[in-house]
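Presented below is the structure to which this report refers.
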Amino acid sequence: MHASCADTYFVFLRLQSQRGFALIELLAAIVMINVGILAILMALNSGMVTLRRTADRSTAAAVADKQMERYRALLYSSIYLDTASLAATDATYQGDSAYSATPPPPAPPGTQVNQVCAPLVAACTPSQTVQGADNKSYRVDTYIVSTTPPGGQQVKQVTVVVRKAGTTPSLARVVSIFGSSF
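Plus 137 on top of the position in the sequence shown (first one is 1) and you've got this note's numbering.
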């Protein structure tokens, strides 16, 4: 019994001394600061990625708008894609939902959506790579489909899809309808 009282006394003294407790507090504080700094860095990184993605989409929208403006400046009969260039398009172009694999029916002159374009200009090219305002390369795919709304006249639906060069997902998609009387 005498030995157990002695042990209890020394244990009690050791508990009261608080030696080494400051080291444990310091270690806990460093861990908490580390977690806080990592959280701030992750938030900054996330913001940078979001900002970069938004800048790419904004530039792609401007590129798509520029391509669509080319068609708005043309006469209805001049809105078409080059037949030879259409035949040479790749799987990315043909895999888009705006692509129509069925050849258009014979149409009166001036209403075709694909014919020979000489010289080949940007408005006739179905797929091209252009440089955006941010000096990055963007792939511009243009689709033209002839449709006739119920009870209406034949119109051409032009779809412009912009992607980052070398990638499949689209960054911007613009659709416009052109008619011979509007």
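Glycine residues also receive a C-beta, built at the ideal position from the N, C-alpha and C atoms. Everything numeric in this text was worked out from a predicted model, so none of it was measured.
Check: Here's the rule: buried if 16 or more other CB atoms are within 10 angstroms of the residue's CB, otherwise exposed. What is Met138?; Outcome: With a pLDDT of 49 at Met138, under the threshold of 50, the modelled position of this residue cannot be trusted, and the question is left open.
Check: I want to know whether the stretch 265 to 276 touches the stretch 288 to 295 - three or more CB-CB distances under 8 Å.; Outcome: no
Check: Would you decide whether Pro263 is buried or exposed? Buried here means 16 or more other CB atoms lie within 10 Å of its CB.; Outcome: buried
Check: Please list the terminal residues of the continuous beta strand (DSSP E) segment that includes Phe315.; Outcome: Ser307 to Gly316
Check: Per DSSP, what kind of secondary structure is Lys273 in: helix, strand or coil?; Outcome: coil
Check: On the premise that Tyr217 lies in contact with Cys261, defined as a C-beta separation below 8 Å, what is that separation, rounded to the nearest angstrom?; Outcome: 7 Å
Check: Report the rounded CA-to-CA distance for Arg209 versus Val186, giving the unit in angstroms.; Outcome: 35 Å
Check: Using a Cβ-Cβ cutoff of less than 7 Å, which residues in the same chain neighbour Thr284 once the five nearest sequence positions on both sides are dropped?; Outcome: Val292 and Gln294
Check: In this structure, how does DSSP classify Leu285 when only helix, strand and coil are distinguished?; Outcome: With the sequence shown as reference, residue 285 is identified as Thr, and Leu is not the correct amino acid for it. Three-state DSSP puts Thr285 in coil, outside helix and strand.
Check: Within 10 Å of its beta-carbon, does Asp219 have 16 or more other beta-carbons around it, so buried, or fewer, so exposed?; Outcome: buried
Check: Does any residue of chain D bring its CB to less than 8 Å from the CB of Leu160?; Outcome: Protein chain content of the structure displayed is limited to a single chain, and chain D is not contained in it.
Check: State the DSSP-derived secondary structure class of Gln231, mapped to helix, strand or coil.; Outcome: helix
Check: Got a sec, what are the start and stop residues for the beta strand (DSSP E) Val297 sits in?; Outcome: Val292 to Lys301
Check: Whose C-beta lies closer than 7 Å to the C-beta of Val298 among residues of the same chain, with five residues either side of it excluded?; Outcome: Asp233, Ala235, Asp278, Ser307 and Arg310
Check: Does the beta-carbon distance from Tyr275 to Lys301 come in below 8 Å?; Outcome: yes
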